[in-house]
Every structure is written in structure tokens, then in C-alpha cells.
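Sequence lines, in order, name chains A and B. Numbers in this note's numbering are just positions in the first sequence, counted from 1, shifted up by 5. Numbers in this note's numbering are just positions in the second sequence, counted from 1, shifted up by 5. Even glycine gets a Cβ: it sits at the ideal position worked out from N, Cα and C.
There are 2 protein chains.
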Amino acid sequence: MPHGERKTQIIEAAAQLFSERGYHTTSVRDIAAALDLQGGSLYAHIQSKEELLWLIVERAAEQFFNAIRPLAVSDIPPDEKLRRAVHAHIRVITDDLAAATVYFHEWRFLDEDHRNTFLEQRREYENLWRRMIREAMEAGVLRNDEDPKYMAILLLSAMNWLYHWYRPGGPLSPEEIAERFWRMLLEGLRSPVFQVSTS
Amino acid sequence: MPHGERKTQIIEAAAQLFSERGYHTTSVRDIAAALDLQGGSLYAHIQSKEELLWLIVERAAEQFFNAIRPLAVSDIPPDEKLRRAVHAHIRVITDDLAAATVYFHEWRFLDEDHRNTFLEQRREYENLWRRMIREAMEAGVLRNDEDPKYMAILLLSAMNWLYHWYRPGGPLSPEEIAERFWRMLLEGLRSPVFQVSTS
DNA sequence: CCTACCGATCGGTAGG
DNA sequence: CCTACCGATCGGTAGG
Chain A
6 MPHGERKTQI IEAAAQLFSE RGYHTTSVRD IAAALDLQGG SLYAHIQSKE ELLWLIVERA
66 AEQFFNAIRP LAVSDIPPDE KLRRAVHAHI RVITDDLAAA TVYFHEWRFL DEDHRNTFLE
126 QRREYENLWR RMIREAMEAG VLRNDEDPKY MAILLLSAMN WLYHWYRPGG PLSPEEIAER
186 FWRMLLEGLR SPVFQVSTS
Chain B
6 MPHGERKTQI IEAAAQLFSE RGYHTTSVRD IAAALDLQGG SLYAHIQSKE ELLWLIVERA
66 AEQFFNAIRP LAVSDIPPDE KLRRAVHAHI RVITDDLAAA TVYFHEWRFL DEDHRNTFLE
126 QRREYENLWR RMIREAMEAG VLRNDEDPKY MAILLLSAMN WLYHWYRPGG PLSPEEIAER
186 FWRMLLEGLR SPVFQVSTS
């Protein structure tokens, strides 16, 4: 009978290795070695290598939902709500960079059922963002001459790319990054005193 | 002696498969099968599987440079220059989605030498963007109370994420996407008639 | 949790 | 460009 703690260790070692080398370049023996075990010994705790991938992705998806859903359904003013959501989303990524990297990078290697569940959850998550944005548009906080769909894509793209370049100990804290990103996205990059010739 | 046309076919088939399944999940036999060849026959044209990955990444890097460098060194007004650069960068991604996907996703599996060259080229490319942004800031076109470094990251993040969601035949053309992204980034998401309470 | 092993598949080569 | 093969490594299992 597997005891939970050991399994958590295995999941975390797997997340670290999958994020560094990718799912397929990491062997079950690599994961076992990181815990000073023999390759076959892992199977006392897990059913398959794919189960590990699924558990990592599942957990990460949960982190995103736990961070954003309470905000989304709250009655905080829509601009403050979005500001906090940006901070929260970025926090999930920076708090467990390995898990986030696997979430964004390796989900394609899930079994078909797990992959479908993943895609479904991701769609739901994006809908939370679209709803917050539409709410802010209707409150007159965000401009209503843009499509909330592409606003959401822009926001999430800028944030999600973070796992490519963020490293702990860099010049900016997660909070400072979130602050700057939100400010630039909200206020725009254009100088307020300059009339730019956009078509 | 390999003749060039066949090699191009091999590279393109490899780019397609690498982008769909990833580098390590695609076998040399898969690539050969896509061209109705036997696995071993590829080695009349290539030296190794890694060479294929390198050629795909190399080509993609060249596309980005060819699209942006002439703009960067031109004396087009800085705002128009950036607008065109956004269009050009997005065009490179959408014009060869498979190559762009491999470029962003699979470069980690390059040999050490190739990986170092890749990282060097990417740094140079990002510097082109930083220089264009700094130029626009100094011309008073972009706000000078933000760091050009993070402006560049924001711009490139939003654009680079495109390969995750863009599919040909979608509702927006590459030009329409570029237009919207540039407009949203430049003008900001905030409603012009609303005073948002940012700290 | 280990030892010892399974069949399958991999990238790459020899020889034609 | 094909056939036939190489050693290495893979995920997973049996039996203890």
C-alpha cells in the first residue's frame, strides 16, 4: 500500500525533471534515481509514467482555479478584480515554476482522456477571464471598442510566457512583474503626450 | 551525394511532425514514412536526427531576422517601424506555424553547441526589439516611465504565444491579429473615459 | 523497495 | 534508396 508522502516526493521530482528535460527525455529511472531508488521501485507507488504527468498537470490546473475562481465570483470592483487576478495568475506560475512549465509544455503527451479533460478545464479557465473582462467592459472600466476574447488572449499570452524567462532571484519579484504588466497593459505603451499615427 | 530538393522535403516533413508530436516522440522512421521511404534511407541525406532539428530552428531564426533587421536599421519613423515589426514578427509565425512551433518548443533538445548558438541568436534578436523600443521612447512616441526591457518582453510574449492558438482559417487573418494586438498594446485596455484606481 | 528480466522501439550503420 | 541488422534504452512486471 502506497503511503501519500512518498508519492508527493515522486510527483515533485518528476515535475522538476519533466520541466527541465521534457516528458519523453526523462526516464522512469531518472525519476527514481533522483529519490535514490531503483527504476522498478516507483511502480509500488504509481501505475504508469503517464499517471505522473497527469497528476502534475491536474494539480497545476487546480492551482490556477483556486487562485482565480473565488476572485471571479466575488463582488470586488471589476478593475481591482482584474488587477488581483493578474497578480494571482502570475503567482501560481512563479510559485511552482516546474509544475507550470509542465502544465504549459507537456500536456500534449497525456492520454487521450486526460488530454480532453485538460482541454476542457483550460477552456473553462479562459472563460473565467473572459467573463471578468466583459464585466469590466460593461462597467465602463475597460474600453468597449475591443473584443473581450482578444483582450483575454492578450492578457493570458503575456502572463503565460512568463515560464520561459522568469527565474527566482531575478531583478523583479513576481509582484513587481505583475504590477508592471498590468500597468502597461491597462495604460498602454503610447506616450500620453504624443499623437501616434495608427491607421 | 544528396540533392537539395529531397532534403528540403525531409526538413519540412520533420518540422510538421516535430511540431505535432514533439522532437522525441517523432522517430526517424515516422519522418521517412511521411515521404514513403524506409527508416534507414534518410541517412543518405542527413547526418543525424538532431541535424534536422537544427536546420528547422536555424531556418526559423533566419526568417525572424530577415523580417525584422531591415526594419530595425531603417529610418522609418519609430512608431510606424514598431507597427510594421509587430506585423512582420507575427507573419513569420503564421506563415510557417510548424517551423515556429519547433523553434519555440523544441530548441532545448539541440546539441550543446547548437543550443548555445540558438540562445546567442535569440538574445541578438531581442536586442533588435529593445533598440526599436528605446528609439521610440526617445522620440517621445512610447512612454518613458516604463522600462524598455519589460516593454520588449511584453510585446514578444504576446506575439510568441500565438503559436499556441493561431490556426489558419480562423476568424482573424494574421494582419487583423497584428493590428488588434498592436492597437491594444499601444493604446491600453483601459477605457479612455474612466479613471481606474491603480495604486 | 530490489533484482532480474520482458518485448518493443529507438537512432544509426553496413553492404549492396 | 532498401534490407537487415547493431547496441542501447525504454516502460513496465514477476517474484521475492
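At least one CB atom of chain A sits nearer than 7 Å to the CB of B:M189. Using a Cβ-Cβ cut-off of 7 Å, A:M137 does not count as an interface residue toward chain B, since no Cβ of chain B sits closer than that to its own. Between A:T30 and chain B, the shortest Cβ-Cβ separation is below 7 Å.
DSSP, read as helix, strand or coil, puts A:L40 in coil. When 8 Å is used as the limit between beta carbons, B:V198 is near these residues of chain A: G145, in chain order.
Measuring C-alpha to C-alpha distances from B:A37 to each of B:R26, B:Y28, B:R128 and B:Q14 identifies B:Q14 as the nearest. Nearest Cα to B:G9 within the set B:A49, B:G27 and B:E140: B:A49. Between the C-alpha atoms of B:S79 and B:W134 there is a straight-line separation of about 13 Å. Take the alpha-carbon of B:L159 and the one of A:L159: they are about 10 Å apart. Taken in chain order, the members of the segment 153-171 of chain A whose beta-carbon sits within less than 7 Å of a beta-carbon on chain B are Y155, M156, I158, L159, S162, A163, N165, W166 and W170.
Counting only the Cα atoms, A:I51 lies some 60 Å from B:I81. What A:F186 touches in chain B, judged by beta-carbon distance under 7 Å, is L159, going in chain order. Residue range E117 to E143 is occupied by the alpha helix (DSSP H) that includes A:L133. In the DSSP assignment, A:N165 falls within the unbroken alpha helix (DSSP H) covering P153 to N165. In this structure, B:T122 and B:P179 do not form a Cβ contact; the two beta carbons are roughly 28 Å apart against a cut-off of 8 Å. For A:L60, none of the residues of chain B pass the 7 Å Cβ criterion, the least Cβ distance being about 20 Å. Judged by their CB atoms, A:V62 and A:A183 are not nearer to each other than the 7 Å cut-off. At a cut-off of 7 Å, the C-beta of B:R195 has a neighbouring C-beta in chain A. Using a C-beta cut-off of 8 Å, the segment 99-109 of chain B makes contact with the segment 153-168 of chain B, since at least three inter-stretch Cβ pairs fall below that distance. The contact set of A:G175 on chain B, defined by CB atoms closer than 8 Å, is empty, because the minimum CB distance reaches about 11 Å. DSSP places A:L147 in the strand class (E or B) of the three-state scheme. The Cβ atoms of B:L76 and A:S196 lie no closer than 7 Å to each other.
Setting aside the 5 residues that flank it on each side, B:S53 has no residue in the same chain whose C-beta is closer than 8 Å to its C-beta. The alpha-carbon of A:R74 is positioned some 10 Å away from that of A:M137. B:I51: not part of any alpha helix (DSSP H); DSSP gives it neither H nor E.
Scanning chain B for C-beta atoms nearer than 7 Å to the C-beta of A:R128 yields nothing, as the closest lies near 12 Å away. Using a Cβ distance threshold of 7 Å, A:V33 and A:A72 do not count as a contacting pair. Contact between A:Y155 and A:F69 is absent: CB atoms are separated by about 20 Å, not below the 8 Å threshold.
For B:E192, the neighbours in chain A by C-beta distance under 7 Å run, in chain order, G193 and R195. For B:E143, the closest alpha carbon among the candidates A:R11, A:S162, A:R127 and A:V198 is that of A:V198. Below the 9 Å Cβ cutoff, chain A contributes no neighbours of B:G9, its closest Cβ being approximately 31 Å away.
Between A:L57 and A:R120, the alpha-carbon positions lie close to 14 Å from each other. A residue is called buried when at least 16 other Cβ atoms come within 10 angstroms of its Cβ; A:S162 meets this threshold and is buried. Within the model, the alpha-carbon separation for A:A20 versus A:R64 is close to 11 Å. Taking a beta-carbon distance threshold of 7 Å, A:R148 counts as an interface residue toward chain B. Using beta-carbon distances, B:E151 counts as an interface residue toward chain A, with a partner under 7 Å.
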